[in-house]
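Undergrad: Residue 179 in the working numbering sits at position 84 of the sequence shown, with consecutive numbering throughout.
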Amino acid sequence: MTNLQQNQEQIMTSLTDLFNKIDAYYKPQMEAEFSNISLSEIETIEFIAKTPYPNVTKLAHHLYMTRGAASKIAKKLLKKNLVESYQIPQNKKEIYFRLTKEGQEINDRHESLHQKFSEKDQVIFDELTDESVSNILEFLNKYNNHLDSAIRNNIEK
């Protein structure tokens, strides 16, 4: 095994360990805060809150799933009265989603929880130099784009 291959393996192992630890540390707090809603529903609520004219197609694209699966999550959120559907006069065919008051409250609690997580982690980020942050971001962006492309190719097949 070459040095480059060893480094690649170490990076991938470290990333896997990191994500497992993040999940182990933060997931119980998320589940306690949102006991009646799934993490994928929370992610969908967050996406709807941040996206202009969110519809099933945009949800599916963002969540890396089929339109049918995205529609199923949207229906669950509609049933729980966390989102509502609407149409715009310019396009009566398309159905869009927006948060209800209850959905916005969940999104606000979710953002607040993420802010607390960020504050807990700030001590680590304070230790990084601008150059190391730049290098980390460059790698993460490249790898993220690589995975995004691979996932989209699998979904389209």
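Glycine included, each C-beta is placed from N, C-alpha and C at the ideal position. Quick caveat: nothing in here was measured; it's all calculated off a predicted structure.
(1) Compute the Euclidean distance between the alpha carbons of ILE183 and GLU189, then round it to the nearest angstrom.
(2) When DSSP builds the beta bridges, which residues end up paired with ILE183?
(3) According to DSSP, is PHE142 part of a helix, a strand, or is it coil?
(4) Could you spell out where the alpha helix (DSSP H) holding ILE219 opens and where it closes?
(5) Please classify ALA127: is it buried, with 16 or more other beta-carbons within 10 angstroms of its beta-carbon, or exposed?
(6) Nearest-angstrom Cα distance between THR152 and ASN248?
(7) Quick check on ALA155: buried or exposed, where buried means 16 or more other Cβ atoms within 10 Å of its Cβ?
(8) Using 8 Å as the Cβ pair cut-off and three pairs as the minimum, do the segment 214 to 227 and the segment 162 to 180 touch?
TA: On the basis of the supplied data:
(1) When the Cα atoms are used, ILE183 and GLU189 turn out to be separated by approximately 8 Å.
(2) For ILE183, which the question treats as bridged, DSSP gives the partners ASN186.
(3) Helix, per DSSP.
(4) Under the DSSP assignment, ILE219 falls in the alpha helix (DSSP H) whose first and last residues are 196 to 221.
(5) Exposed, by the Cβ-count rule.
(6) In this structure, the alpha-carbon of THR152 lies about 16 Å from that of ASN248.
(7) Buried: at least 16 other Cβ atoms inside 10 Å.
(8) The segment 214 to 227 is not in contact with the segment 162 to 180.
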